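Okay, so the sequence shown: first residue is 97 according to my numbering, each after it adds one. Have a look at the structure below before the remarks.
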Amino acid sequence: MNNSKLEIKELDKNMSLGQVAGIYPGAINIFMDLEIDFCCGGNRPLGEALKEENHNVDEVLETIREKYRRDVKAGKTIEDFGRLSKGELMDHIIQTHHEYLRANLPRIQSLTDTIFRVHGENHYQMLHFVKESFNALKKELEAHLEKEETDLFPKMREYEQGRLDKAAMETTIQELEQEHDAAGDILKDLRRKTKGFTVPAGACNTFVFAFEKLEELEKDLFQHIHLENNMLFKL
97 MNNSKLEIKE
107 LDKNMSLGQV
117 AGIYPGAINI
127 FMDLEIDFCC
137 GGNRPLGEAL
147 KEENHNVDEV
157 LETIREKYRR
167 DVKAGKTIED
177 FGRLSKGELM
187 DHIIQTHHEY
197 LRANLPRIQS
207 LTDTIFRVHG
217 ENHYQMLHFV
227 KESFNALKKE
237 LEAHLEKEET
247 DLFPKMREYE
257 QGRLDKAAME
267 TTIQELEQEH
277 DAAGDILKDL
287 RRKTKGFTVP
297 AGACNTFVFA
307 FEKLEELEKD
317 LFQHIHLENN
327 MLFKL
């Protein structure tokens, strides 16, 4: 959906991070580069979050606006997820993010196991942490997907059709948000421990690929959590 008529100039520091990411998903890459938590911390005002991390609010806002203008000029499709019904948003989450996790979690586990086995002697502390943290994350996410698809999402579809009130979902939503926080914390710890997924000098191709996949997972999962916390779960 090309949303070039959207008034990007209306963005301001009092909008929440989640609102900004919802209006213009291209802002997500900027937030990630600045290590700003836009998903689990998506309710925070943009200006407040940037000041906490010692970023210039006006400069970041202009960076977002300029990136948006370049995307529109280049004819890039700009998704407006706020226009989707909850049913359409759930379909997108399942087809895009849940399927990504089901395909990639086993692959990344194999990679982290391999680099620990091959390079653990030289980088034991870091790679043991990566292996154990990823295994915990994988277990958490697999249970999380099951809970969403068999419990919350069917309830959400009933809610959208007027057959269920929101009180029936609030406890499950709170549990899922807590699980999002836990998954986000693991990813933040992985980024810190690996110094931004930086591979050691002379690392083999498998080592490089493993860290690239971990960073790819981080980006996908933060986008996934943003869509749920800041959009789907708003009843």
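All C-beta atoms in this analysis are idealised placements derived from N, C-alpha and C, irrespective of residue type, glycine included. A quick note: this is a predicted structure, and the numbers were derived from the prediction, not measured.
Asked, Found
"Would you mind listing the alpha helix (DSSP H) stretches within the segment 179 to 264 that are 4+ residues and don't spill past its ends, in chain order?", "182 to 188, 195 to 215, 220 to 243, 249 to 256"
"For residue 228, which option in 245, 240, 206, 218 has the closest C-alpha, if you only look at C-alpha atoms?", "206"
"For a minimum of 4 consecutive residues, which ranges assigned as the alpha helix (DSSP H) are wholly contained in the segment 133 to 174?", "142 to 148, 153 to 169"
"Taking only the alpha-carbon atoms, compute the straight-line gap between residue 217 and residue 272 and give it to the nearest angstrom.", "38 Å"
"For residue 119, which residues from the same chain have a beta carbon less than 6 Å from its beta carbon, with the 5 sequence-adjacent residues on both sides left out?", "none"
"In whole angstroms, what separates the C-alpha of residue 240 from that of residue 215?", "31 Å"
"Tell me whether residue 325 is buried or exposed, calling it buried when 16 or more other Cβ atoms sit within 10 Å of its Cβ.", "buried"
"Would you be able to state if there are at least three C-beta pairs under 8 Å between the segment 167 to 175 and the segment 259 to 272?", "no"
"For residue 290, which residues from the same chain have a beta carbon less than 7 Å from its beta carbon, with the 5 sequence-adjacent residues on both sides left out?", "222, 226, 307"
"Counting only the same chain and skipping the five closest in sequence on each side, list residues whose C-beta sits under 7 Å from that of residue 140.", "112, 113"
"How close, in whole Å, do the beta carbons of residue 189 and residue 323 come, if the pair is a contact with beta carbons under 8 Å?", "6 Å"
"Report the option in 260, 108, 311 whose CA atom is closest to the CA atom of residue 157.", "108"
"Output needed for residue 249: all residues of its chain with C-beta closer than 6 Å, excluding positions within five of it in sequence on either side, in chain order.", "186"
"Using a Cβ-Cβ cut-off of 6 Å (strictly less than) and excluding sequence neighbours within five positions of residue 318, which residues of its own chain qualify?", "135"
"Could you tell me which uninterrupted beta strand (DSSP E) segments, each at least 3 residues in length, are contained entirely in the segment 281 to 315, listed from first to last along the chain?", "none"
"Can you check which of these residues, 161, 147, 182, 162, is closest to residue 254 by C-alpha distance?", "182"
"How far does the alpha helix (DSSP H) with residue 129 in it extend, from its first residue to its last?", "123 to 129"
"When you compare the CB of residue 329 with every CB in chain C, is at least one pair closer than 9 Å?", "Protein chains in the displayed structure number just one, and chain C is not present."
"Nearest-angstrom Cα distance between residue 366 and residue 155?", "In the structure as shown, the chain starts at 97 and stops at 331, and residue 366 therefore has no counterpart that could be examined."
"What does a CB cutoff of less than 6 Å around residue 314 pick up in its chain, not counting 5 residues either side in sequence?", "283"
"What does a CB cutoff of less than 7 Å around residue 234 pick up in its chain, not counting 5 residues either side in sequence?", "201, 205"
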